[in-house]
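**Q** This structure is in structure tokens; I'll ask about it shortly.
In the working numbering, the protein residues as written are 38 to 147.
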């Protein structure tokens, strides 16, 4: 799920950074895209940790959520349809973090 999105984000960033591109983008556009790429990369790492039944570190999950919020905010404000593609991944990351943390809390008492 996250690898195709990551691939297309990277292609879009390379297109934006191309010297042949006549459009100049504001620095916030780069910030949004880079934070989105990092959020999808972290989501992929979180999914790998969860599939191997490892504990997801809280700092990693928090970083993924913050980067996803930075990446989703402009699209949400503009009511862009891409939000409907990105929000399930965002909620999936939250769900994986919740599952990992509740499993960690129940295992600490034993």
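Ideal Cβ positions, reconstructed from N, Cα and C, are used throughout, including at glycine.
It should be emphasised that the depicted structure is a prediction, and the values quoted were computed from it without experimental measurement.
1) Distance check for residue 130 and residue 80, CA to CA, integer angstroms please.
2) Given a threshold of 16 other Cβ atoms within 10 Å of its Cβ, counted over all protein chains shown, does residue 64 qualify as buried or as exposed?
3) Out of 59, 71, 56 and 61, which one is the CA nearest neighbour of residue 45?
4) To which residues of the same chain is residue 73 closer than 6 Å at the C-beta, ignoring the five residues directly before and after it?
5) Jot down the residue ranges of each uninterrupted alpha helix (DSSP H) in the region 58-140, minimum 4 residues, whole runs only, in chain order.
**A** Reading off the structure:
1) Residue 130 has its alpha-carbon roughly 6 Å from the corresponding atom of residue 80.
2) Flag for residue 64 reads exposed.
3) For residue 45, the closest C-alpha among the options 59, 71, 56 and 61 is that of 71.
4) Cβ within range, chain order: 46 and 108.
5) You should have 64-88 and 95-114.
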